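Just add 185 to wherever you are in the sequence shown, counting from 1, and you've got this note's numbering. We treat Cβ as the ideally placed atom computed from N, Cα and C, and that holds for glycine. Values in this document were obtained by computation on a predicted structure and should not be read as measured data.
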Amino acid sequence: MKRLLLFIISIIFVISLSLSGCSEVDRSGELREFLSANEDAFSEVFTEESCEFSVFTDYMNKWAEANSIDVVFEGDHSMVLKNSATKGYEDEPDCVFLCSFNTENPHSSKDLIATGQTALLGPIEHGDITLAITDCADGQFVGIDEIPEKYIKCDNLINLNTGNNNIILTSGPVAAVSTFHNSSKDTESTYAQAFEIKMSIPEYTDPFDFVKGNSYPNPINTIGGFLASGKSTGKLFDIASFTSKSNKGYTPYYASAVVVVDSNHIESFQSRFEKSYENMAEKFEKLEAEFEYTMEETDMPKKVLSEDVAGNLVSLMYTLNTGVCQQDEDSGLIYSASYIESVNATNGTLDLVVNIRARGESYLDSLSTEYETTAGLCSTTYKCKKTGRLWNSDAKSRLVSFFTSAVPLQGQIESATSLRQYENDIIAKDMPEQNMIIYTFEKGDRKTVLENIINFLDPSVQK
């Protein structure tokens, strides 16, 4: 009841502020008051405890009603609010702000949501302004696909994010899918005992999110590295199968390998696995995340991979360069990175898929050439399918020129491109011509962010 009362008081305060907009006042100063009111109201309703997205939409509906904002779309994992153009400014360029709400930890979204709410109120005179908010749980963009295209398509789209620095991203990375293939007839094992090694991690994690330092170990790399280390130390075993499960664009969340071990090496094989498990337990403890990593006896398979296929698989696991592949030693800027998306070694066939992202074509080509060499050394065929740049803004547009001037780029020009996944990647699949940027800002600079946005939206500043 106390939270509801405080929320109503905050809403009344916001309404009183909105009435002052009729007089000639410093709009930037007024919006700073709005920002504080929005943050206070948010903090009273949302804590670090998880909640359903419907709880958030209820909150936003009340806020919209109090501020004469229209809710034009509401889905299970997204909503769209609109502040229609003031009279006489209907032909001004329209703008969409995009931000996400974390249902797993709502309080962490306070700065972002409050900034988006306040930006939606805009300057005293403005064209159409839209705020699209999506559900982002466990790093999965479950909301952006839900919003109809007509609410996203606009003259200028600004994806708002909070981070450790202030930067304007103007394009996504160039990407490619590499495949390694080998096949040969299965054979029978001469060894005695079969084991299944399984690993599972949280289902959704961006393999290209290196900024947060929260990338989970890839189950394929973990099991593959364990098998490779076993071969390198002379452990005798056959590989019957090696498979994985993943959602496209995310680190595989499951991998499994069935091996048949020589009876004289079972004890040492199990001992080596225990060390591998302890290593994973230490990593996941730092990540504060749950995982499963087991090795259990299983039924003897009828066939195992041929020595050639199994050997090539182990060689790939041992030599394939994934993760951060090319990086500037001085600045730490990552030029290219990759991850193993899937492995399927069954019925005599090996197929391994690697996704690559790079800041430019030259970096991608360099890594692909390295992979082609690795494939040759591991006696596998190699194919690389380029998918182009995932999204790109119009470098000549006012959107880009204004914000890159307001937030000067620090460091190398490649910094304007991110390898991480963003909603922009998804938007560009259906709307490749959409002009958009990503505005990432430190939470302490929210007022400066608002000032930049208001100046961009203000028709008197544009002319």
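Put simply, the region 350-361 does not touch the region 474-487. Fewer than three CB pairs are less than 8 Å apart. Here Cys339 really is in contact with Cys280; their C-beta atoms are around 6 Å apart, less than 8 Å. Its chain contains Gly312, Asp340, Asn341 as the residues whose beta carbon lies nearer than 7 Å to that of Pro278, once the 5 sequence neighbours on both sides are disregarded; these appear in chain order. Apart from the 5 residues on each side of it in sequence, Leu635 sits with its Cβ closer than 8 Å to the Cβ of Ser213, Leu216, Arg217, Leu220, Thr300, Thr303, Ala304 in its chain, given in chain order. Within its own chain, the residues whose Cβ lies closer than 8 Å to the Cβ of Gln595, once the five positions on either side in sequence are excluded, are Asn350, Ile352, listed in chain order.
The count of Cβ pairs closer than 8 Å, one atom from the region 262-269 and one from the region 319-333, reaches three, so the stretches are in contact.
Of the candidates Glu627, Asp610, Phe626, Thr625, Asp610 places its Cα closest to the Cα of Gln619. Beta-carbon to beta-carbon, Phe282 and Ile343 are separated by about 5 Å, close enough to satisfy the 8 Å threshold. Per DSSP, reduced to three states, the secondary structure at Ser400 is coil, with no helix or strand assignment. Secondary structure of His262 (DSSP, three-state): coil.
Around the beta-carbon of Asp391, 16 or more other beta-carbon atoms lie within 10 Å, marking it buried. According to the DSSP assignment, Asn346 belongs to the beta strand (DSSP E) that extends over 341-347. Excluding residues up to 5 positions away in sequence, Ala361, Val362 lie with their Cβ nearer than 7 Å to the Cβ of Lys570 in the same chain.
For the options Ser551, Tyr438, Asn287, Ala601, the alpha carbon positioned closest to that of Phe238 is the one of Asn287.
Under DSSP, the beta-bridge partners assigned to Cys321 are Phe326.
The beta strand (DSSP E) runs of length 3 or more contained entirely in the region 499-534 are, from start to end of the chain, 508-512, 519-531. As the crow flies, the alpha-carbon of Asn449 is around 50 Å from that of Cys321. Residue state for Ala360 is assigned as strand, using DSSP reduced to three classes. In this structure, Lys295 sits away from Ser235, with a CB-CB distance that is not shorter than 9 Å. Here Ile639 carries a helix assignment [DSSP, helix/strand/coil].
Where Arg574 is concerned, the enclosing beta strand (DSSP E) starts and stops at 566-574.
Bounds of the alpha helix (DSSP H) holding Asp610 are 608-615.
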